[in-house]
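Just so you know, my numbering puts 50 at position 5 of the sequence shown, and the rest follows in order with no gaps.
Just so you know, even glycine gets a beta-carbon here, dropped at the ideal spot from N, CA and C.
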Amino acid sequence: ATRLERPHGEIRFENVAFHYGKEGGVIDDFTLAIAPGEKVGLVGRSGAGKTTLMNLLLRFYDVEKGRVLIDGADIRAVTQESLRAQIGVVTQDTSLLHRSIRENIAYGRPEASEDAIAEAVRRANALSFIATLEDNEGRRGLDAHVGERGVKLSGGQRQRIAIARVFLKDAPILVLDEATSALDSEIEAAIQENLFRLMEGKTVIAIAHRLSTIAQLDRLVVVDKGRIVEEGTHKALIARGGLYADLWARQSGGFLGDAARTEAAE
46 ATRLERPHGE IRFENVAFHY GKEGGVIDDF TLAIAPGEKV GLVGRSGAGK TTLMNLLLRF
106 YDVEKGRVLI DGADIRAVTQ ESLRAQIGVV TQDTSLLHRS IRENIAYGRP EASEDAIAEA
166 VRRANALSFI ATLEDNEGRR GLDAHVGERG VKLSGGQRQR IAIARVFLKD APILVLDEAT
226 SALDSEIEAA IQENLFRLME GKTVIAIAHR LSTIAQLDRL VVVDKGRIVE EGTHKALIAR
286 GGLYADLWAR QSGGFLGDAA RTEAAE
């Protein structure tokens, strides 16, 4: 396998099929081209296959049919390490290492300077809570350790560490899977602004159940049962009156009703 050098960020899914080894039902003959620097939102009901597509791009799984290409290179032909080095990821479930907060933030760029780490923390709106941390052994702030014997962090705090990590890593491709799901709306608004800044010049694939968070992206791709059923801007899709317009109408003020929220645990 060769190394994937810093790509321009063109992503192509070509006739991809993937069913977790079963006969069918997850991703079927899926084709999507994303231009370098394009910001795309994946929309669809729970279980439509959105998160599976992210996992295929990151090669947590390999496609069963078809290919995934970055800048024209099949991702199976490049090293996993070089592939993942070029992709910044924030998911709804952020797992942290049992190490210091500093090491967790510098995970994608271990040689980063203190100044760069501090800047990433500031941009992720994590400065105030990190400053108050102290673990059982008296280590504080960025030196405090996370995990069994360390500080316990809330979901929103873990997510802000993941966002700081992505700011610091500064990879050309950005994958946001429910990136702000664990945050309250006030913090989310502050981070949202920073996430848009982070997206500048990058290729972005974003998934969110709250459609208001991705409505302003360049293109929305609506997936149902592992296939693309419609795509376009938010405005065009609303005018079309299809599945997206239906999902949008069900979300009062951009939030899902309770029934949809319980099924949203994908």
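* To do: Rounded to whole angstroms, what's the CA-CA distance from M244 to G195? Just pull it up for me.
  => Numbered from 1 along the sequence shown, position 199 holds the residue referred to as residue 244. Numbered from 1 along the sequence shown, position 150 holds the residue referred to as residue 195. If I take the Cα positions, the gap works out to 32 Å.
* To do: Can you check DSSP and say which residues form a bridge with I251?
  => Against the sequence shown, residue 251 aligns to sequence position 206. The residue you asked about is not Ile; residue 251 is Ala in the sequence shown. A251 is bridged to G86, L221.
* Contacting residues, own chain, Cβ-Cβ under 8 Å from A93 (five flanking each side not counted) -> The residue labelled residue 93 in the question sits at position 48 within the sequence shown. Only residues of its own chain outside the window of five on either side were considered, and among them V268, D269, K270, G271 have a CB closer than 8 Å to the CB of A93, listed in chain order.
* Asked: Taking L114 as the reference, which of N60, A251, S230 has the closest Cα?
  -> Along the sequence shown, one-based indexing puts residue 114 at 69. The shortest C-alpha separation from L114 is found at N60.
* To do: Return the chain-ordered list of same chain residues with a C-beta closer than 6 Å to the C-beta of E182, the five sequence neighbours on each side being excluded.
  => On the sequence shown, residue 182 is found 137 positions in, with the first residue counted as 1. Closer than 6 Å at Cβ, skipping near neighbours: no residue.
* Asked: Where does L77 sit, in a helix, a strand or coil, going by DSSP?
  -> Numbered from 1 along the sequence shown, position 32 holds the residue referred to as residue 77. Three-state result, L77: strand.
* Stretch-stretch touch, CB-based, cutoff 8 Å, three pairs: the segment 112–127 with the segment 273–291 -> No, the segment 112–127 does not touch the segment 273–291.
* If we count the other Cβ atoms within 10 Å of its Cβ and call it buried at 16 or more, is A165 buried or exposed? -> Locating residue 165 in the sequence shown gives position 120, counting from the first residue. A165 comes out buried.
* Using DSSP bridges, identify the partner residues of K110. => Residue numbering aside, residue 110 sits at position 65 when the sequence shown is read from its first letter. A62.
* Taking E126 as part of the alpha helix (DSSP H), name the residues at either end of that continuous run. => Translated into the one-based positions of the sequence shown, residue 126 becomes position 81. It spans 125–130 - the alpha helix (DSSP H) in which E126 sits, taken as one unbroken run.
* Expressed to the nearest angstrom, what Euclidean distance is found between the alpha-carbon atoms of E276 and L101? -> Along the sequence shown, one-based indexing puts residue 276 at 231. Along the sequence shown, one-based indexing puts residue 101 at 56. If I take the Cα positions, the gap works out to 21 Å.
* Report all residues from its chain with a CB closer than 6 Å to the CB of L142; omit the five preceding and five following residues, and keep chain order. => Residue numbering aside, residue 142 sits at position 97 when the sequence shown is read from its first letter. Around L142: N149.
* Rank A62, P217, G69, G186 by C-alpha distance to the C-alpha of H53 and give the top, closest one. => For the purposes of this step, residue 53 is taken as residue 8 along the sequence shown, with counting starting at 1. The residue with the shortest Cα to Cα distance from H53 is P217.
* To do: Using a threshold of 9 Å, state whether the C-beta atoms of I250 and V135 are closer than that.
  => One-based indexing of the sequence shown puts residue 250 at position 205. One-based indexing of the sequence shown puts residue 135 at position 90. No, the pair does not count as a contact, with Cβ atoms beyond the cut-off.
* Asked: Quick one: is G69 buried, meaning 16 or more other Cβ sit within 10 Å of its Cβ, or exposed?
  -> Counting from 1 along the sequence shown, the entry for residue 69 is found at position 24. G69 should be labelled exposed.
* Excluding sequence positions up to five away, which residues of its chain have a Cβ less than 6 Å from the Cβ of R168? -> Position 123 of the sequence shown, counting from 1, holds the residue named residue 168. Only F212, N239 meet the Cβ criterion.
* To do: Check each candidate in A294, V274, R285 and name the one with the smallest Cα separation from L87.
  => As a first step, residue 87 is located in the sequence shown; it is residue number 42 there, counting from the start. Of A294, V274, R285, the residue nearest in Cα terms is V274.
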